[in-house]
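One structure is given below, encoded as structure tokens.
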Amino acid sequence: MKTKAFIRGTTLLASALALAGCGSMVPGGSSGAAPGTASTAARAPARPATGIASAPQSYAASETDRGCLADLGASGARFELLPDTYAAPGCNKLGTVQLSALAGDRSIFGVSNLGPVRCGTAKAFGDWARFGVDRAARQILGSPIARIETMGSYACRNVAGTERRSAHARAEAIDVSGFVLEDGRRIVLRRDWNGGDAETREFLRVVHRSACKRFGTVLGPEYNAAHEDHFHLEGTGAKFCR
Ligand SMILES: [Zn+2]
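Taking mature numbering (1 follows the signal peptide of the UniProt record, and there is no 0), I'd label the letters of the sequence shown as residues -20 to -1, 1 to 222.
So this is what it looks like as structure tokens:
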């Protein structure tokens, strides 16, 4: 039932120049070094970059969703649209995508263990991966990244110790646990946040700071023990960075 909608950045380079950012969906707005800032008109391409017309019938994509999916495709990310589902009160997957790869400046890299993610969060994730993580890895560690390791995205559950649904219950948060570099090195938050060498520790703090510019809520090892092994990256809500 899944609608394949693989998008290759290389074939959409021209569109990428006309489409920048996922404005209202991405906290912090700007796409870093993305070329140019698109006008509202430019964000509505005559031919959508994704196969939105063939999306499941239940999925009535909003204008914002459509713009976001086009931007995500233009960023070079590879993904497929997923059908909408409602699991329980407060738990749903609406307008989500399955990301399989993200684009850096010079390479495509993988994402492991990631489930459905809402488009706005996926777009923030792709921008962070490219402009925050990959560039920091090359600058600080001397190697591009090959893969971002996650502990997943969607989960029908509450914020620990509360009656409130977690952003994970709406597929609006991603938990990142580590990074694999092209030269083979593997950086793991649980071990390296405090235990890594000086450059690795700097890299992790730089990517944490850059996540705070792109996501609404970012929680890391300094927040509490529950986050000692991952960054919680949440694409919606008020700015909160720990
Ligand atoms: Zn989380």
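Glycine included, C-beta positions come from ideal geometry on N, C-alpha and C.
Cut-off 8 Å between Cβ atoms - residues of its own chain near residue i, not counting five sequence neighbours on either side
| i | result |
| --- | --- |
| R118 | P124 |
| P28 | Note that P28 scores a pLDDT of 34, beneath 50, so its modelled location is shaky; the value from the coordinates is reported in the next line. Counting only Cβ-Cβ distances below 8 Å, and skipping sequence neighbours, we find R46, L49 and A50. |
| P96 | L62, K73, T76, V77, Q78, S133, Y134 and A151 |
| V184 | The displayed chain sequence assigns Leu, not Val, to residue 184. So the list reads I167, L169, D172, W173 and G176, once near-sequence residues are dropped. |
| S92 | R127, I128, E129 and T130 |
| N138 | R144, R145, S146 and A149 |
Helix, strand or coil at residue i according to DSSP, with G and I counted as helix
| i | result |
| --- | --- |
| F220 | strand |
| R144 | coil |
| A24 | Low local confidence applies: a pLDDT of 35 at A24 is under 50, so the model's placement there is unreliable, and no value is given. |
| N204 | coil |
| F195 | coil |
| C48 | helix |
| A135 | coil |
| L82 | strand |
| A178 | helix |
| L61 | strand |
| G56 | coil |
| G16 | Note that G16 scores 33 on pLDDT, short of 50, meaning its location in the model is unreliable; the coordinates nonetheless yield the value given after this. G16 falls in the coil class under three-state DSSP. |
| S190 | helix |
| K(-17) | With a pLDDT of 42 at K(-17), under the threshold of 50, the modelled position of that residue is not reliable, and the figure given next carries that caveat. Here K(-17) sits in coil by DSSP. |
DSSP beta-bridge partners of residue i
| i | result |
| --- | --- |
| D155 | H212 |
| V91 | I128 |
| K119 | Checking the sequence shown, residue 119 turns out to be Gln, not Lys. Note: Q119 sits in no beta bridge, so no partner. |
| R98 | T76 |
| V160 | R127 and R166 |
| A68 | C71 |
Residues near residue i in its chain [Cβ-Cβ closer than 7 Å; skip 5 each side]
| i | result |
| --- | --- |
| E202 | R222 |
| G70 | R145 and A149 |
| A191 | W108, G112, V198, F211 and L213 |
| G106 | L52, S55, A57 and L82 |
Contact set for residue i: own chain, Cβ-Cβ below 6 Å, skip 5 residues either direction
| i | result |
| --- | --- |
| F220 | T197 |
| H188 | G200 |
Residue-chain proximity (residue i, chain B), Cβ-Cβ < 8 Å
| i | result |
| --- | --- |
| E162 | In summary, chain B is missing from the structure at hand, where a single protein chain is found. |
Indicate whether the contact test is met: 3 or more Cβ pairs, each with one atom in the stretch 158 to 171 and one in the stretch 143 to 150, closer than 8 Å. no
Are there three or more Cβ pairs, one per stretch, closer than 8 Å when the stretch 171 to 185 is compared with the stretch 125 to 138? no
Taking 6 Å as the limit, tell me which residues put their C-beta closer than that to any heavy atom of ligand 1, in chain order. H148, A153, D155 and H212
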